[in-house]
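Participant:
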Amino acid sequence: MVKVSIGVPVYNVEEYLRQCLNSIMEQTFTDFEVIMVDDGSTDNSFSICQEYVAKDNRFKLIHQENKGLAGARNTCIKNMHGEFITWIDSDDVVDNNYLERLLEVQAETGADIVKCAKKHIRGNNVYYITNYDNLYKMYENNNQVINFQKLDILLDAIDSHLAIVEFWGTLIPRRLYKGISISQGVIYEDQGNKFKLYLQSKKNILLLEQLYGYRIREGSIMRRQSSLEKELDDLQFYTYNWDKLVYYADVSNYNVEKIRETYIEKLNDLYTDVNLGEEDNKIYREAINKQKQKLQRYWNM
């Protein structure tokens, strides 16, 4: 059995794919397999993946009809054999000691889940580096390692205050994925699925070394003007994921009251965060109130 399975979902990323796969080939830790799932790409991504399969037997390639990111992740999981799993998005890159450091920290701490910090890249250059000292100033920092309480991480699936909800940049034992399927057809699929793993974990570590390069694509940083339709869509996506979190916490009998409380607080925050006209604000407020009423009926509040 290999030590680490690296999942790389691939869809129409020919411009960036070689940079991603080269950064994996250059890892200082070498006992890994790469499971690439081409999710129905219409560009040259599949052919590029074939190049790496031909020159490195650690790279495995699966082609499927388009199922979306979650569907590609599920296919990856079914074909993984490593003791640990990590995810690298196919337009991102990792430092050459990415695997080595995650494994070292896992061995030193005995953590179930280890996540590293990220840097933003554009083209071949570092574009933006988050001030993690400020972001995590309320947590004890032991030699660039923070030990998070499980509840803090689960609440992050609602308010994203810790910026650790993503699948990528994380080392997780494959045993925690047993019986878990990544929900398909869901926007913000990280937010709506990773908490399933955290509910099973006992110790969760963040390594403040920026080993993961998260790509800012040209055009992706342009924010659309706020509109009622967009805000209502986002509200639907958010609440769908949060409803799942509450359900799983309830089934697991884990701090469900605190999670519900944070859910309601976040609904109130959503209203104050949008910038709509008077009539649209009224419609948006009504949508939030309907969601709160639904929750109160469900929870018998």
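The sequence shown lines up with residues 1 to 301 when you count with full-length UniProt numbering.
Glycine included, C-beta positions come from ideal geometry on N, C-alpha and C.
Here the structure is a predicted model, which means the values were calculated and not measured.
(1) According to DSSP, simplified to helix, strand and coil, what is I121?
(2) What residue does the alpha helix (DSSP H) around Q200 start on, and which one ends it?
(3) Would you check if the region 252 to 272 and the region 170 to 177 touch, i.e. whether three or more CB-CB distances between them fall below 8 Å?
(4) Output the distance between the C-alpha atoms of E209 and V126, rounded to the nearest integer angstrom.
(5) Under a three-way DSSP split, which group does residue 337 fall into?
(6) Alpha carbon to alpha carbon, what distance is there between V165 and K118?
(7) Alpha carbon to alpha carbon, how far is L228 from M1? Give it in angstroms, no decimals.
(8) So E26 packs on N96, CB below 8 Å; how close in whole Å?
(9) With a floor of 4 residues, list each alpha helix (DSSP H) that falls wholly inside the region 16 to 46, ordered by position along the chain.
(10) If distances are taken between C-alpha atoms only, which option among I24, N124, V53, T239 comes closest to D38?
(11) Pull up the DSSP beta-bridge partners for C116, would you.
(12) Under DSSP, the beta strand (DSSP E) around residue 305 begins and ends at which residues?
(13) Got a sec? Which residues, its chain only, sit under 6 Å from S23 by beta carbon, not counting five neighbours each side?
(14) What beta strand (DSSP E) runs, 3 residues minimum, are completely inside the region 52 to 77?
(15) Does DSSP classify V94 as helix, strand or coil?
(16) Can at least three beta-carbon pairs, one atom from the region 136 to 149 and one from the region 30 to 48, be found at a separation below 8 Å?
(17) Let me confirm a value: G110 is counted as buried when at least 16 other C-beta atoms fall within 10 Å, else exposed. Which label applies?
(18) Once the 5 residues before and after R224 are set aside, which same chain residues still bring their CB inside 7 Å of it?
Facilitator: Based on what the coordinates show:
(1) strand
(2) That residue, Q200, is in no alpha helix (DSSP H); it is neither H nor E in DSSP.
(3) no
(4) 14 Å
(5) Past the boundaries of the shown model lies residue 337; the chain is included only from 1 to 301, so the question cannot be answered.
(6) 12 Å
(7) 51 Å
(8) 5 Å
(9) 17 to 25
(10) V53
(11) L207
(12) Outside the displayed range of the chain (1 to 301) lies residue 305, so it cannot be described from this structure.
(13) V93, V94
(14) 59 to 64
(15) strand
(16) no
(17) exposed
(18) Here the model assigns R224 a pLDDT of 45, short of 50, so the residue's position is not dependable, and the following value carries that caveat. For R224, where only same-chain residues beyond five positions count, the Cβ hits under 7 Å are K230.
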